[in-house]
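Taken in sequence, the protein lines are chains A and B.
For reference, each letter of the first sequence is one residue, going 207 to 533 in our numbering.
For reference, each letter of the second sequence is one residue, going 207 to 533 in our numbering.
Built from N, CA and C at the ideal position, the CB exists for glycine as well.
Keep in mind the model is a prediction, meaning the values are calculated, not measured.
2 protein chains.
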Amino acid sequence: MAKKKLFSRPMIGVDLGATKIYTLLVDERGNALAESKMNACGEQGGDAVLKRIASSIDNVMTQSGAGKKDIGGVGLGVPSPVDLKTGTALFSPNLGWRNFPVKARLEKQLKMRVRVDNDVNLGTLGEFTLGAGRGTRNIAGFFVGTGIGGGVIVDGKIIHGKNNTGGELGHTIILADGPLCGCGNRGCLEATASRIAITRDLQAAMSNGIPTLLNNLLAHDTDRIKSSILKKAYKDGDELVRAILDRAAWHIGIAVANITNSIGPDIVVIGGGLFEALGQQLIPIVRRSAMLHFFGPAGKDMPIALAELGDAAVALGAAVNAAARIS
Amino acid sequence: MAKKKLFSRPMIGVDLGATKIYTLLVDERGNALAESKMNACGEQGGDAVLKRIASSIDNVMTQSGAGKKDIGGVGLGVPSPVDLKTGTALFSPNLGWRNFPVKARLEKQLKMRVRVDNDVNLGTLGEFTLGAGRGTRNIAGFFVGTGIGGGVIVDGKIIHGKNNTGGELGHTIILADGPLCGCGNRGCLEATASRIAITRDLQAAMSNGIPTLLNNLLAHDTDRIKSSILKKAYKDGDELVRAILDRAAWHIGIAVANITNSIGPDIVVIGGGLFEALGQQLIPIVRRSAMLHFFGPAGKDMPIALAELGDAAVALGAAVNAAARIS
C-alpha cells in the first residue's frame, strides 16, 4: 500500500531513552532512510547527552546525503514530562534531569529548530500516524515494559493536560489501596502489570517455593527477568509465569476499559517490550477483561490492537510531531 | 459580576429525568426568566413524555411572553446515551426507552429545532459554561446521587466517544474484581461510592448490629436512605455513616486522580444530591485522596470544586448545547 505524503521535506526523529539514543531520518511518507543507534551516556550529564544526539543527527544526514536545509525539522522524545512552552524536560530520574532546557540547548547545538515531547506521547503519535492507529482520530496507547507508559490523542491532538502529565495511563489506579507503585502511589496499573510488578510477584512466589522453569532459565539471577525469558517460560507452559502474566493482562484490560468508558477512543494500541514478546498470548486476555469492564456499548467495534512500529514508534512520532509545527 | 452574553436570543433547556421534567427559559446571558416543573409520567410511554415536555415549553414561553420566533433553540437532556447524529436515545432503563428517536419526535411535536444529549454530559456543560468551571477549557464532572454520572469536556467540546458513552466516569473501575455494579461489571466507582452502594453497605452493617442513629431516623424503612437523612446522621457524628461516606469520598478521590492522570483537566467539578447535602464534609476527603493518587504534578493547582448550579445544571447545559449548534 502506497503511503500518503505526510511532510513537505524529510524529517529527523530522535528517541532519547534512559540508556540509548535512536535516531531516524525519514522521507516525506515516513519511510526510514537512515538510522543511528548509540549509547546515551546519561551519567556524563545533560550536555554530553545532547552532544551525542547532535552526533547521531550528523550520522543520519551523512548516511542519506542530506544537508540541514533539506530537513523539515527535528523532533525529540525524552523520558520525562515536558513543559511544551519552553521545551524543558521537567524530571527524568533515569537521566538525572530536573527542569533541563533540552529544546533551547539542542537548538543552540544544532542550529536547527527542535520540537520536544514526552517519549510515550510520541510513541502513541507514531502508532496513530504510521502504525496500528492509522486512519483514526482518537487513540489511547499503553506501552508495557519496565514501567507502563501511556498516551492519549483526541481529535488528532496529543492530550498534555494542565500540568504536562496527560496520558499517564500507567498511573491510573485500578486497585484502590493496592500495591505500592514506584511513583509513590498505591494500586496504579504500573504497580500490578509492569515488568517491575511482574518481577516482584515472581520473586515472591519463587522464594515461597512455587515450582517454575525460571529456576533453570535464570541461573539464580532473579533481579533482571527479561521479556525474552518470560516468553520462553510462558510458551513452555510454565504455570507460575502464566498465572502472573495473565493476571497482569487482566489488569491492563481493566485500564483499557477505564479510558474507553472515560473518553471512548477509536482504537486502543498496546505495545512495549512485554507485548512485543508475548502479544499474541496476552492480547486475547486483555480483550476478554476489557469486554467484561466496558460500560454498555462503550467498546463496540473498538479494536484493541498490538502496536506495529516496535522500537521505531517514538522516533517516528517525534518526526511527525516536529512536522506538525515546524514545517 | 455581570455575565457575558452567550446567546443571540433566549434559549430553552429541558432536563428530562427518570421521574420529572424541569424546563428553563434563559436570557442571552443564561439567567433563568421562567421555569416549569412537572412529572415525567414515563409509565405512559415515550410519546406521552414528549407531550408533557412540549407542554412545559409552552409553560415557560407563556410565563415570559415569548413566541417561538423569539427563541434561539431548544436543548434537551435525557437519562440515556444518545446517538448524536440522529438524536436517538439509545437505552434508558428508567424510562423504558430503547432506540427512541426523541429529537425527531419532539421536533415534529414542537415545530422547533431541538438538540439532544445525555443529561450528565449537559450537567457538566452547564457547570463548564455557567457554574464552577467558568473560564476553563477542559473539565471533568462527577455527579453523585443514586448512581454516579460523569462528563468530560476537552478543548471546549463534550467528549462523546466512539459509541456515545464518553464521560461515563462512574463506570471506571477503581477496585479490580470489586463489588458488583448495577451495570453488570465489578469494581466500578458507582459500585463503591454511589447512594446505592452506600445504602447497601449501611444495610449490611446495620443487619450486623453496628449501632447507628439511622435506626431512629429511618423508622425501619432502610430501603430509601435519602441524602438529607445521611446529612443529619453525619453531622450528628454517627460513626457508621461517617465510616461509609468517608470511604465513598476516598474512592471518588481515586477516580478524580484517574481522569486527571489520564487527561489533565483544568478543573474537576463534583455535584449531585450527595454532594449538595454533604459537600462541605466530603470534598476535603476527596481532595486528600486525590492528592495521594495524582501522578507527580498532575493535580498541581487544579481545583476540585463543588458544583454550583444544583438542580439547574442539566437544563442550563441543554440551553447552552442547543445554542452551540442551532442559533
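Closest by C-alpha distance to residue i, when choosing among the options
i: A513/A; options: D444/A, V326/A, A439/A; result: V326/A
i: V358/A; options: F481/A, I476/A, A310/A; result: I476/A
i: A518/B; options: L282/B, Q250/B, V447/B, K432/B; result: L282/B
i: D545/B; options: D253/B, V280/B, G388/B; result: Since the first residue shown for chain B is 207 and the last is 533, residue 545/B is missing from the structure and cannot be characterised.
i: L515/B; options: F500/B, G372/B, G479/B; result: G479/B
i: P299/B; options: G502/A, A521/A, A529/A, V520/A; result: G502/A
i: D407/A; options: R453/A, P490/A, G443/A; result: R453/A
i: A411/A; options: V447/A, G393/A, I380/A, S433/A; result: V447/A
i: A238/A; options: Y228/A, I431/A, G415/A, G251/A; result: Y228/A
i: W456/A; options: T371/A, V220/A, A399/A, T330/A; result: A399/A
i: V255/A; options: T268/A, Q269/A, L222/A; result: L222/A
i: I404/B; options: N422/B, I379/B, R392/B, K432/B; result: K432/B
i: P471/A; options: M508/A, D289/A, A260/A; result: M508/A
i: G505/B; options: D427/A, N467/A, I402/A, H366/A; result: H366/A
i: L436/A; options: A310/A, L296/A, I402/A, I277/A; result: I402/A
i: L375/B; options: P385/B, D361/B, D383/B, I345/B; result: I345/B
Three-state class that DSSP yields for residue i in the structure shown
i: P216/A; result: coil
i: S242/B; result: strand
i: K437/B; result: helix
i: S533/A; result: Low local confidence applies: a pLDDT of 36 at S533/A is under 50, so the model's placement there is unreliable, and no value is given.
i: R493/A; result: helix
i: N527/A; result: helix
i: K209/A; result: coil
i: T378/B; result: coil
i: I365/B; result: coil
i: D221/A; result: strand
i: I359/A; result: strand
i: I431/A; result: coil
i: I354/A; result: strand
i: R448/A; result: helix
i: R235/B; result: coil
i: R392/A; result: strand
i: R319/B; result: coil
Run of the beta strand (DSSP E) containing residue i, from where it starts to where it stops
i: D442/B; result: Where D442/B is concerned, there is no enclosing beta strand (DSSP E), given that its DSSP letter is neither H nor E.
i: A513/B; result: Segment: none, A513/B is in no beta strand (DSSP E) and carries neither H nor E.
i: R343/A; result: Element bounds for R343/A: n/a, residue is neither H nor E.
i: R304/B; result: 303-306
i: L230/B; result: 226-232
Where residue i meets chain B, residues with beta-carbon distance less than 8 Å
i: K545/A; result: Outside the shown range of chain A (207 to 533) lies residue 545/A, about which nothing can therefore be said.
i: V320/A; result: In chain order: nothing, as chain B lies at least about 24 Å away.
i: I491/A; result: Those within 8 Å of I491/A in chain B number zero; the least Cβ separation is about 14 Å.
i: I354/A; result: Within 8 Å Cβ-Cβ: nothing; I354/A doesn't reach chain B, min ~11 Å.
i: I259/A; result: Within 8 Å Cβ-Cβ: nothing; I259/A doesn't reach chain B, min ~25 Å.
i: I364/A; result: Those do not exist, as I364/A stays about 11 Å from chain B at its closest Cβ, beyond 8 Å.
Per-residue contacts from residue i into chain A (C-beta, under 7 Å)
i: L498/B; result: N391
i: L375/B; result: S468
i: P503/B; result: N369, T371
i: I218/B; result: Ordered by position in chain A, no residue passes the 7 Å Cβ test against I218/B, which lies about 29 Å from the chain.
Proximity test, residue i beta-carbon vs the ligand SAH heavy atom, cut-off 6 Å
i: G355/B; result: The ligand SAH is absent from the structure shown, which contains no ligands of any kind.
Chain B residues whose Cβ lies nearer than 7 Å to that of residue i
i: D472/A; result: K368
i: T378/A; result: N464, N467, S468
i: A382/A; result: I380, L381, H457, I460
i: I510/A; result: Simply none; closest approach about 13 Å.
i: I402/A; result: Chain B residues near I402/A: none, gap ~16 Å exceeds 7 Å.
Proximal residues of chain A, C-beta to C-beta of residue i below 8 Å
i: P287/B; result: G502, P503
i: K506/B; result: K368, N369
i: I476/B; result: Result: empty, since nearest Cβ-Cβ is about 16 Å, beyond 8 Å.
i: I345/B; result: Going along chain A, no residue has its Cβ under 8 Å from I345/B, so there is no contact; the nearest lies around 11 Å.
Delimiting residues of the alpha helix (DSSP H) encompassing residue i
i: F334/B; result: 325-336
i: I402/B; result: 401-413
i: L420/B; result: 420-424
Contact set between residue i and chain A, taken where Cβ atoms lie within less than 9 Å
i: V358/B; result: S468, I469
Interface residues of chain B facing residue i [CB-CB closer than 9 Å]
i: I450/A; result: Simply none; closest approach about 15 Å.
Run through the segment 238-298 of chain B for me and flag every whole alpha helix (DSSP H) of 4 or more residues, listed as ranges in chain order.
The alpha helix (DSSP H) runs lying completely inside the segment 238-298 of chain B and spanning 4 residues or more are 252-270, given in chain order.
Which full runs of the beta strand (DSSP E) of 3+ residues lie inside the segment 454-484 of chain B, going along the chain?
Counting only runs of 3 or more, we get 473-477.
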